[in-house]
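**Q** The C-terminal residue of the sequence shown carries number 180 in the working numbering, and the numbering is unbroken.
All C-beta atoms in this analysis are idealised placements derived from N, C-alpha and C, irrespective of residue type, glycine included.
As the structure is a prediction and not an experimental result, all values here were calculated from the model.
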Amino acid sequence: MRLGGIVVAMASAAAIAAPFFLKPYGIFLISTWAVLTIAAIGLNLTLGYAGQISLAQGAFVGIGAYTVALLMPLGVPFFLAFLAAGLLCFAVGWGLGYPALRVQHHYLAFVTLAFTTLVFLVLRNEQWLTNGIYGITGTPRPTILGWSTNSARDFYFFCLGILALLSLVTWWM
Numbered sequence: 008m009r010l011g012g013i014v015v016a017m018a019s020a021a022a023i024a025a026p027f028f029l030k031p032y033g034i035f036l037i038s039t040w041a042v043l044t045i046a047a048i049g050l051n052l053t054l055g056y057a058g059q060i061s062l063a064q065g066a067f068v069g070i071g072a073y074t075v076a077l078l079m080p081l082g083v084p085f086f087l088a089f090l091a092a093g094l095l096c097f098a099v100g101w102g103l104g105y106p107a108l109r110v111q112h113h114y115l116a117f118v119t120l121a122f123t124t125l126v127f128l129v130l131r132n133e134q135w136l137t138n139g140i141y142g143i144t145g146t147p148r149p150t151i152l153g154w155s156t157n158s159a160r161d162f163y164f165f166c167l168g169i170l171a172l173l174s175l176v177t178w179w180m
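1) By DSSP, does residue 61 sit in helix, in strand, or in coil?
2) Residue 114: buried (16+ other C-beta within 10 angstroms of its C-beta) or exposed?
3) I'd like to confirm the pairing. Which residues does DSSP put opposite residue 151 in its beta bridges?
4) Just mark residue 23 as buried or exposed, buried being the case when its beta carbon has 16 or more other beta carbons within 10 Å.
5) Take residue 10 and list the residues in its own chain whose beta-carbon comes closer than 7 Å to its own, dropping the five residues that flank it on each side.
6) Along the chain, where does the alpha helix (DSSP H) containing residue 105 start, and where does it finish?
7) Which word fits residue 27, buried or exposed, when buried means at least 16 other C-beta atoms lie within 10 angstroms of its C-beta?
8) Would you grab the beta carbon distance between residue 73 and residue 152 for me? Rounded to a whole angstrom, and I think it's under 8 Å.
9) Beta carbon of residue 75, beta carbon of residue 92: below 7 Å?
10) Buried or exposed: which applies to residue 176, given that a residue is buried once 16 or more other Cβ atoms fall within 10 Å of its Cβ?
11) Measure the CB-CB distance between residue 64 and residue 50 and report whether it falls below 7 Å.
12) Below 8 Å, can you find three or more Cβ-Cβ pairs linking the region 29 to 43 to the region 149 to 167?
13) May I ask you to report which of helix, strand or coil DSSP gives residue 82?
14) Which two residues bound the contiguous alpha helix (DSSP H) that contains residue 23?
15) Could you say which of 170, 17, 136 and 168 lies nearest to residue 77 if we only look at CA atoms?
16) For residue 66 versus residue 79, is the C-beta spacing smaller than 7 Å?
17) Using alpha carbons as the reference points, say which of 165, 123, 144 and 178 lies closest to residue 154.
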């Protein structure tokens, strides 16, 4: 087994074992790490592999998160809300990307920075939609095939599973 495989196996074992040694706040922190790592994988695809200087990654994460947070309290199952969030981000990205095809390098960075600022202002100021600076609260955690992710540890394993799946898909690409 190559050194890289050994490191991945050790890191995976540490990630699986970590929540059993942490208090709820520590589990919250590593759950946040898993979610932000997913966002970083998306940024790596855009900036690292495609070489495009895009500053809109956070805006798309916010659009996706708010979409799920708005749909789930309405009774939409998690996976449908997750799919809707992905489709909405795709549609908004297509709408932003099509006119941005004409610009490159630092001009693309300016367009995506302006878009990020616009999304930030909408999410912060439109209280009727996002509850403004207080954000959306009370969003139920996903239940997958009867498995509830209401406990901190279960939610962490859910986030870790999504991270592992997306890491494998990215590695495959």
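**A** On the basis of the data shown:
1) Numbered from 1 along the sequence shown, position 54 holds the residue referred to as residue 61. The answer is coil: DSSP assigns residue 61 none of H, G, I, E or B.
2) Position 107 of the sequence shown, counted from the first residue, corresponds to residue 114. Answer is exposed; the Cβ neighbour count stays below 16.
3) To locate residue 151, count along the sequence shown from 1; it is residue 144. Residue pairing of residue 151 in beta bridges, as defined by DSSP: 154.
4) Taking the first residue of the sequence shown as position 1, residue 23 is located at position 16. Residue 23 is classed as exposed because its beta carbon has fewer than 16 other beta carbons within 10 Å across all chains shown.
5) Counted from its first residue, the sequence shown places residue 10 at position 3. In the same chain as residue 10, and ignoring 5 residues on each side of it, no C-beta atom comes closer than 7 Å to its own.
6) Taking the first residue of the sequence shown as position 1, residue 105 is located at position 98. Boundaries of the alpha helix (DSSP H) around residue 105: 85 to 107.
7) Taking the first residue of the sequence shown as 1, we reach residue 27 at position 20. It is exposed - the Cβ of residue 27 has fewer than 16 other Cβ atoms within 10 Å.
8) Here the question's residue 73 lines up with position 66 in the sequence shown. Here the question's residue 152 lines up with position 145 in the sequence shown. At roughly 26 Å, the Cβ-Cβ gap does not stay under 8 Å, so residue 73 and residue 152 are not in contact.
9) Within the sequence shown, the letter at position 68 stands for residue 75. Within the sequence shown, the letter at position 85 stands for residue 92. A contact, by the Cβ cut-off of 7 Å.
10) Counted from its first residue, the sequence shown places residue 176 at position 169. Residue 176 is exposed by the Cβ-count criterion.
11) As a first step, residue 64 is located in the sequence shown; it is residue number 57 there, counting from the start. As a first step, residue 50 is located in the sequence shown; it is residue number 43 there, counting from the start. In this structure, residue 50 lies closer than 7 Å to residue 64 by Cβ.
12) Counting C-beta pairs closer than 8 Å gives three or more between the region 29 to 43 and the region 149 to 167, which meets the contact rule.
13) Position 75 of the sequence shown, counted from the start, is the residue given in the question as residue 82. In the structure shown, residue 82 falls within a coil segment according to DSSP collapsed to helix, strand and coil.
14) In the sequence shown, residue 23 corresponds to position 16, counting from 1. Its alpha helix (DSSP H) spans residues 10 to 24.
15) Counting from one through the sequence shown, the residue named residue 77 turns up at place 70. Among 170, 17, 136 and 168, the Cα nearest to that of residue 77 belongs to 136.
16) By 1-based counting over the sequence shown, the position of residue 66 is 59. By 1-based counting over the sequence shown, the position of residue 79 is 72. The Cβ atoms of residue 66 and residue 79 do not sit closer than 7 Å to each other.
17) As a working note, residue 154 is residue 147 in the sequence shown. Comparing Cα positions, the closest option is 165.
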